[in-house]
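Just below is one structure, and these are the notes that go with it.
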Ligand code: PRT
Ligand code: MG
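Structure follows, in structure tokens:
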């Protein structure tokens with residue numbers, strides 16, 4: 003019985019740098035073009051005849067996998083929980099891409115902020131679902147303005163007083179005069195798998211899940 007070709011969807015940005023040693027630990031060796039960040043190529047072969055890699059945006063890695071277009075993927079739980087796709091499940095915490103999703107606002111305003119006076123607030127974020135859920139749990143209705151990046155600019159530009167964004171060292175917030183006022187979620191990258199693929203090729207899928215589990219040392 004020959005194995006079907008599986009597709010692994012990986013994010014093309016910062017997670018990729020941390021993912022390379024993990025792929026090596028899993029003995030997954032992508033073809034040389036994969037390491038050229040400027041390459042226009044999107045799909046790459048590996049040393050495994052049954053595994054190709056696609057390089058996409060972080061949110062899209064979850065979408066490709068959720069719809070079964072990719073069988074496996076790598077995504078932060080920020081992305082996984084923002085979408086809440088039914089088609090994926092995340093069996094392995096890869097321990098990379100660690101950060102947190104937090105609420106931040108201008109330093110001077112944070113000092114005077116009184117949560118008891120909130121009823122309706124406006125937030126600039128790439129994570130409207132997680133943001134609304136976080137504030138709804140506190141009885142506050144959050145109006146979310148969806149951005150794809152540079153959330154840190156929103157308060158000083160008068161777009162929204164608050165932002166919800168990922169924070170790791172905190173230097174981006176600091177450079178923009180913002181402070182963290184609340185943490186929503188601890189984040190790390192996970193191996194995600196297509197539930198459909200798991201159902202139709204359980205043996206082959208489980209083999210790759212085990213390889214990632216071992217490579218991540220968990
Ligand atoms: O298309 P996009 O650029 O969003 O994604 P991508 O395809 O380039 O993906 P990639 O590889 O950048 O992965 C994004 C994922 O990395 C996120 O979904 C998180 O799971 C994870 N991650 C971990 C982070 C960070 N840490 C992080 N610090 N993603 C983004 N940041 C940004 C943050 O948005 C802010 O602008 O870094 C800045 C803050 O960093 P500090 O160190 O200044 O606090
Ligand atoms: Mg990026």
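Residue numbers (the numbering used here): 3 to 220. All residues carry an ideal CB built from backbone N, CA and C; glycine is no exception.
Nearest to residue i by CA position, among the options, is which residue?
i	options	result
residue 11	166, 83, 65 and 142	65
residue 161	124, 186, 90 and 203	124
residue 38	14, 182 and 68	14
residue 72	133, 8 and 180	8
residue 84	110, 60 and 70	60
residue 68	49, 89 and 58	89
residue 192	104, 25, 92 and 114	92
Express the C-alpha separation of residue j and residue i in angstroms, rounding to a whole number.
i	j	result
residue 122	residue 145	7 Å
residue 106	residue 35	39 Å
residue 53	residue 174	37 Å
residue 223	residue 102	Lying outside 3 to 220, the shown extent of the chain, residue 223 is not represented and no answer is given.
residue 148	residue 30	36 Å
residue 117	residue 140	9 Å
residue 112	residue 196	42 Å
residue 163	residue 172	18 Å
residue 207	residue 94	13 Å
residue 212	residue 28	10 Å
residue 179	residue 50	48 Å
residue 133	residue 100	19 Å
residue 176	residue 128	19 Å
residue 204	residue 79	23 Å
Could you check if residue i is buried or exposed, using at least 16 other CB atoms within 10 Å of its CB as the buried criterion?
i	result
residue 45	exposed
residue 126	buried
residue 150	exposed
residue 202	exposed
residue 214	buried
residue 131	exposed
residue 153	buried
residue 86	exposed
residue 167	buried
residue 219	exposed
Taking only heavy atoms of the ligand PRT into account, decide whether any of them is closer than 7 Å to the Cβ of residue i.
i	result
residue 166	no
residue 183	no
residue 101	yes
residue 2	Since the first and last residues shown for the chain are 3 and 220, residue 2 lies out of range.
residue 34	no
residue 78	yes
residue 173	yes
residue 17	yes
residue 59	yes
residue 13	yes
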